[in-house]
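The opening position of the sequence shown corresponds to residue 0 in numbering that gives the first Met the number 0, with each subsequent residue numbered one higher. Beta carbons are placed, not taken as given, at the ideal position from N, Cα and C, and that holds for glycine. Being a predicted model, the structure only gives us computed values, none of them experimental. For reference, the structure discussed in these notes is given below.
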Amino acid sequence: MKQANMIVGLQWGDEGKGKIVDHLAQNADAVCRFAGGHNAGHTIVVDGTKYALHLIPSGVLNEKAMNIIGNGVVISPENLIDKELKQFDNLKGRLFISDKAHLLLPYHALIDQGKERLRKKAIGTTGKGIGPAYMDKIVRVGHRVGELHHTEKLADKIISYFESNKTLFDALEIEIPTYEGLLKDLNHYKTELEPYIADTTQMVWDYLDSGKRVLLEGAQGTMLDIDHGTYPFVTSSNTVSAGACTGLGLNPKNIGKVTGIAKAYCTRVGNGPFPSEDFGEDGDRMADVGHEYGTTTGRKRRCGWFDAVAAKHASRLNGCDQIALMKLDVLDGFKEIKVCVAYEFEGKEIDYVPYDLEDVKPIYKSFKGWDMVEGVREYDQLPIEAKEYVKVLEELTSTKIGIISTSPDRKDTIIVK
Ligand code: IMP
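If you want it as structure tokens, here you go:
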């Protein structure tokens, strides 16, 4: 049976998946997104032109690749039409959106923002409406992309949704659209998106059956997974590799090589536990050198040391065959580099991820830093201290480090033999 290869984030998102996916997409026949929405995002520069991708898979930058947005994704038609599709001349015949994917409509973002305002301890969501859109899907009052084929019927359904949720809309002071306004918007979405709507499950099966190279592009990171992340400070989808099965209609046997992406340090945006966060100069330096500001919201990311306990856990959850270690160059010039090798939890030292990371303290081991790895393209040319660091992370995560990235440039990538 033919299998699809996959890229997943092992930390709290923003691991640098974009660079690796972009690299692998050059040789893929199809690139598929399976979870999340336009909370995800990365920028890719091709021949001096910058593309900001949120929902659209990275395969759009390879003219030969097909691009699938699977049923597990929540789709904001507004964002897709007004921001993403505008960057391209024509993606018809190259981009396909599952008719079973759920619509994320403007009121979902307003609910998200309103709920965040009212929460005692905000999650720090992207405010894009991801949680409310998935909530509607799970409580079975969501609306699917395929319903755009019949906009009047859909408008009626949405109006009755507004009626049954009137108390919520009133409490959050959200103005309910009129039927006419709603229908106009839906017709606009229909005109723009109908050419892309398809039964993508069947398409992915056909690609696999005919031996095409299919790449599955994860979004966010394992520690933000709704089941396995730092709940409730997580996103609302299954970001782990298993999410690709439900989010595209694959079976577990369809999953081939899994590459987990991790930065050589750690970052997180939004609130929630982050045991190896560094609140001092080292964390600030990582943020400055690593340009750690969100592509989607512009927020400064919290920074800290590599958490090997969480990374080992994430590698196991995803079934990683290898890790791509990103942004090693950001640690250039540090005299001492720390790695979180265990946690202190309820007075004991533990080497696993417990139910809640809130009350966990990091236990560090220190390693000698190196001068510079920026731009290095061969493993042999890495400084001895950097090689030692890579070896230690491999041992601690029980996973081979197969790729090392030493700058944002596509070419500054070491493939470890
Ligand atoms: P939501 O996905 O907008 O509901 O946000 C929930 C949590 O996930 C927040 O902490 C966000 O900052 C975080 N999050 C969502 N998407 C991303 C991403 O692409 N990178 C990093 N963090 C993200």
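Asked	Found
Would you check if the region 90-98 and the region 62-77 touch, i.e. whether three or more CB-CB distances between them fall below 8 Å?	yes
Could you name the residues that DSSP lists as bridge partners for Val72?	Gly35
Compare the C-alpha of Lys82 against each of Ala51, Asn89, Asp88 and Leu90 and name the closest.	Ala51
Identify whether Ser209 lies in helix, strand or coil by the three-state DSSP scheme.	coil
DSSP state of Gln2, grouped into three classes?	coil
Below 8 Å, is the gap between the Cβ of Gln219 and the nearest heavy atom of the ligand IMP?	yes
Between Val233 and the ligand IMP, is there a pair consisting of the residue's CB and a ligand heavy atom that are separated by less than 8 Å?	yes
Identify whether Tyr195 lies in helix, strand or coil by the three-state DSSP scheme.	helix
Quick check on DSSP: helix, strand or coil for Glu179?	helix
Among Lys127, Arg32, Val352 and Leu207, which residue has its Cα nearest to the Cα of Glu343?	Val352
According to the Cβ coordinates, are Gln321 and Ile402 closer than 9 Å?	yes
According to the Cβ coordinates, are Val338 and Tyr363 closer than 9 Å?	yes
Measuring only the C-alpha atoms, how far is Gly47 from Asn38?	25 Å
Beta carbon of Thr266, beta carbon of Arg301: below 9 Å?	yes
Have a look at Glu151 and Pro176 and give me their C-alpha separation to the nearest angstrom.	15 Å
Does the beta carbon of Asp13 fall short of 8 Å from some heavy atom of the ligand IMP?	yes
I need the boundaries of the alpha helix (DSSP H) containing Ser163, first residue and last residue.	Thr150 to Ser163
Can you give the Cα-Cα distance for Lys1 and Ser163, rounded to whole angstroms?	46 Å
Determine, using beta carbons only, whether Trp369 and Asp331 come nearer to each other than 9 Å.	yes
Using 8 Å for Cβ pairs, my map puts Leu192 next to Val30. What's the rounded Cβ distance?	Wrong, their Cβ atoms sit about 19 Å apart, outside the cutoff.
Taking DSSP's pairing of strands, which residues face Asn66 in a bridge?	Val30 and Leu94
Can you check whether the C-beta of Leu327 is within less than 9 Å of a C-beta belonging to chain C?	Here there is only one protein chain, and chain C is not present.
Within 8 Å: the Cβ of Val268 and any heavy atom of the ligand IMP?	yes
For the ligand IMP, I want to know if Ala310 counts as a neighbour, meaning its beta carbon is within less than 8 Å of at least one of the ligand's heavy atoms.	no
Between the alpha carbons of Gly220 and Gly12, how many angstroms are there, rounded?	4 Å
Give me the Cα-Cα distance between Tyr106 and Ala261, rounded to the nearest whole angstrom.	34 Å
Suppose you measure from the CA of Thr229 to the CA of Met325; what does that come to, to the nearest Å?	22 Å
Determine, using beta carbons only, whether Lys386 and Tyr378 come nearer to each other than 9 Å.	yes
Here's the rule: buried if 16 or more other CB atoms are within 10 angstroms of the residue's CB, otherwise exposed. What is Gln10?	buried
Which residue wins for smallest C-alpha separation from Ile413, given the options Val7, Asn4 and His22?	His22
Considering only heavy atoms of the ligand IMP, does any lie closer than 8 Å to the CB of Thr42?	no
How big is the Cα-Cα spacing for Leu109 and Asn250?	35 Å
Within the region 236-279, note down every full beta strand (DSSP E) run reaching 3 residues or more, in order along the chain.	254-262 and 265-267
Beta-carbon separation of Thr417 and Gly17 under 9 Å?	Residue 417 is absent from the model: the chain starts at 0 and stops at 416.
Taking Lys127 as the reference, give the member of Leu90, Gly92 and His53 with the closest Cα.	His53
From which residue to which residue does the alpha helix (DSSP H) around Pro105 run?	Pro105 to Leu117
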